[in-house]
Every structure is written in structure tokens, then in C-alpha cells.
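Some notes on the structure that comes next.
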Amino acid sequence: MEATAFVPGHVTGFFSAHPHEDPNRAGSRGGGVALSHGVETTVREGSGLTLDGEAIAVGPVERVLDALGVEARVACETPLPLGSGFGVSGAMALGTALAANAAFGLARSENDLTALAHRAEVESGTGLGDVVAQARGGVPLRLEPGAPGHGAMDGVPGRSRVEYLALGELSTEDVLAGDTDALSAAGERALATVRETPTLPAFMDASRAFADGAGLLTDDLRDVLDAVAEAGGTASMAMLGETAFCLGTGLSDAGYDPAVCRIHPPGAGLSD
1 MEATAFVPGH VTGFFSAHPH EDPNRAGSRG GGVALSHGVE TTVREGSGLT
51 LDGEAIAVGP VERVLDALGV EARVACETPL PLGSGFGVSG AMALGTALAA
101 NAAFGLARSE NDLTALAHRA EVESGTGLGD VVAQARGGVP LRLEPGAPGH
151 GAMDGVPGRS RVEYLALGEL STEDVLAGDT DALSAAGERA LATVRETPTL
201 PAFMDASRAF ADGAGLLTDD LRDVLDAVAE AGGTASMAML GETAFCLGTG
251 LSDAGYDPAV CRIHPPGAGL SD
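Mapping of the sequence shown onto full-length UniProt numbering: residues 1 to 272, in sequence order.
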């Protein structure tokens with residue numbers, strides 16, 4: 001038996017960190033965009049994990065398999081770069097949970113599998129909110145932190161072209177292990193703004209304000225965001241990676257050659 005799941009990539013525009021001793025209650029508040037570029041994960045009998053054909057170790061995937069009590073061969077494919085703010089590790093974890101559940105006939109619910117993948121991400125230190133956002137799709141707003149049963153979600157209606165330009169990697173684990181007080185305060189302001197005006201332009205404006213206030217912009221990334229602004233658009237930083245993203249054609253209008261996809265409304269699920 002084998003099964004395949006697709007999980008959208010996810011860029012976070014703004015967030016506040018909410019650690020908790022219970023990984024199911026830990027997480028983040030904030031907003032992001034689910035992408036039509038994502039991770040396709042195939043699970044079958046066997047062992048080992050590959051990403052785009054190369055053997056790799058990914059803590060959240062190993063934790064998911066352990067929690068499900070299965071040994072499996074997991075093959076993941078994605079056009080997205082790892083470690084650049086696209087939620088690839090979360091997508092691999094959630095895709096593994098969904099596909100393993102189908103392949104091995106485990107009869108677990110969607111919320112149960114999402115919670116299991118969320119817990120694996122939190123325990124691995126690789127993310128706080130990607131999994132629940134990827135499960136939902138669209139432009140998800142994480143109103144309260146945590147896995148299903150603890151967190152609360154909403155979303156910004158709308159569809160759009162999405163452009164992104166990856167410049168390099170940042171360590172999510174290193175950032176989350178540091179002082180996140182200023183970052184979280186900026187994230188709370190951004191979330192309040194978008195909840196008051198839940199539109200795509202308001203989301204992008206809040207994301208850019210958060211990027212400026214969170215203290216994570218590199219010089220190269222700031223140059224890209226400023227160039228988009230000079231061209232009349234709004235771009236921001238994909239949290240947490242040295243990646244610029246925008247809705248529409250802002251990066252193209254500024255003279256860059258970005259990757260292009262769309263907002264992905266459905267969220268994660270099994271492939272036909």
C-alpha cells in the first residue's frame with residue numbers, strides 16, 4: 001500500500017510566539033499565505049526519507065512516524081527551498097501524517113493528524129504555526145496558538161498571484177530560541193490591524209510593518225523590499241527565511257525574476 005498527500009507551502013507575514021510546556025498548546029498567533037507550490041509526500045512500506053531524491057533527516061517527520069507507530073519509506077518532492085521561510089518541514093510532517101494514515105489504514109481524523117504534525121514541529125523546534133495554517137489553506141489567520149482543539153483560526157478572503165524571491169536561509173530554531181518579546185509585540189499589532197481590516201492589501205501592509213519592527217531584515221532583503229516599494233508595490237519577508245514575497249507583480253515590477261505561484265485555498269489533503 002502507498003498513498004500521496006499534497007501540503008501547500010506557507011509563508012508567514014507576521015507572528016507572535018507563544019511557547020507552552022504542552023506542545024499541543026504551544027504555537028503562534030499571526031497571519032500567512034498558503035501557496036500552490038508545496039510538498040508532495042508519498043508514503044509506502046519500507047524505510048528512509050528522501051527530499052527531491054536525496055536522503056535527508058527531518059526531525060518532525062521522524063517524530064510523526066514514531067507517534068503513528070509505523071516504519072515507512074517517505075519520499076517528498078517540492079520546488080520550494082528548505083530553510084527559507086516556506087514551511088517545508090511542517091509540510092513534510094503533515095504530508096507524512098496524512099499519507100501514512102491512508103497507506104496503513106490507521107483511521108485517524110484530520111484534526112488528530114494535524115495535531116500530531118504540529119506537536120512534532122514544536123518538539124523539534126522547527127516551527128510554531130505552519131502546520132495548522134497549511135492544513136487550513138488560503139490566507140490563514142492564527143487567532144489563538146496551538147493544535148486543533150486548542151488553537152483558533154480565521155482567514156482573509158481572496159485569491160492572488162504570489163511572487164517570491166529566496167535569497168538565503170535563516171535558522172528558525174535560533175530565532176525562536178532567542179528573545180522574542182519585541183518580535184511578538186510587533187506581531188500582535190499586525191494581527192490586530194488585519195483583524196480590523198481583513199483584506200489582502202491590509203495583510204501585506206501589516207506584514208511589511210512587522211518585518212520592519214521585528215528586527216530580522218538583512219541588508220540584502222531590505223534592499224529588495226525598498227525596490228518593490230519604489231516601484232509602487234508592497235513586499236515583505238517570509239518568516240523565518242531570507243525570502244521576499246508579495247501578492248501581485250511587485251517583485252517583477254521592480255526588475256527581479258521571482259518564482260510565481262498562487263494562493264492555495266484548499267489546504268492540505270490526499271492526492272488522487
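Idealized CB from N, CA, C, for every residue including glycine. The structure displayed is predicted, hence computed values, not measured ones.
Whether residue i touches residue j by CB criterion (8 Å)
{"i": "Ala3", "j": "Val43", "result": "yes"}
{"i": "Gly9", "j": "Leu35", "result": "yes"}
{"i": "Ser47", "j": "Arg63", "result": "no"}
{"i": "Asp137", "j": "Gly241", "result": "According to the sequence shown, residue 137 is Gly rather than Asp. Cβ atoms of Gly137 and Gly241: not closer than 8 Å."}
{"i": "Phe104", "j": "Met204", "result": "no"}
{"i": "Arg142", "j": "Met153", "result": "yes"}
{"i": "Leu221", "j": "Met239", "result": "no"}
{"i": "Ala5", "j": "Ala67", "result": "no"}
{"i": "Arg159", "j": "Arg29", "result": "no"}
{"i": "Leu217", "j": "Leu98", "result": "no"}
Cβ-heavy atom distance, residue i to the ligand FAD, below 7 Å
{"i": "Val43", "result": "Among the components modelled here there is no ligand, and therefore nothing to report on the ligand FAD."}
Residues that residue i bridges to, as DSSP identifies them
{"i": "Arg161", "result": "Arg262"}
{"i": "Glu2", "result": "Arg44"}
{"i": "Val194", "result": "Beta-bridge pairing links Val194 to no other residue."}
{"i": "Leu31", "result": "Note that residue 31 is Gly in the sequence shown here, rather than Leu. For Gly31, which the question treats as bridged, DSSP gives the partners Phe14, Leu141."}
Expected contact under 8 Å - CB spacing of residue i and residue j to nearest Å
{"i": "Ala231", "j": "Gly250", "result": "7 Å"}
{"i": "Leu49", "j": "Ile56", "result": "6 Å"}
{"i": "Val194", "j": "Ala182", "result": "19 Å between Cβ atoms; not a contact."}
{"i": "Thr199", "j": "Val156", "result": "7 Å"}
Contacts around residue i, its chain only, beta-carbon distance under 7 Å, and the 5 residues preceding and following it disregarded
{"i": "Thr114", "result": "Leu94, Val131, Val132, Ala135, Ala147, Pro148"}
{"i": "residue 279", "result": "Within the shown structure, residues of the chain are numbered from 1 to 272, placing residue 279 beyond reach of any answer."}
6 Å Cβ shell around residue i - same chain, five flanking residues per side excluded
{"i": "Arg25", "result": "Gly146, His150"}
{"i": "Val7", "result": "Gly38, Val39, Ala91, Leu94, Gly95, Gln134, Ala268"}
{"i": "His264", "result": "Pro8, Ala34, Leu35, Ser36, Gly137"}
How about the stretch 203–223 and the stretch 111–128: do they share at least three Cβ pairs that are nearer than 8 Å? no
On the three-pair Cβ rule with 8 Å, is the stretch 104–115 touching the stretch 135–152? yes
Contact the stretch 12–23 vs the stretch 181–189: 3+ CB pairs below 8 Å: yes
Evaluate contact between the stretch 77–96 and the stretch 24–41, counting only Cβ atoms and requiring at least three cross-stretch pairs below 8 Å. Per the Cβ contact rule, the stretch 77–96 is in contact with the stretch 24–41 (3 or more Cβ pairs under 8 Å).
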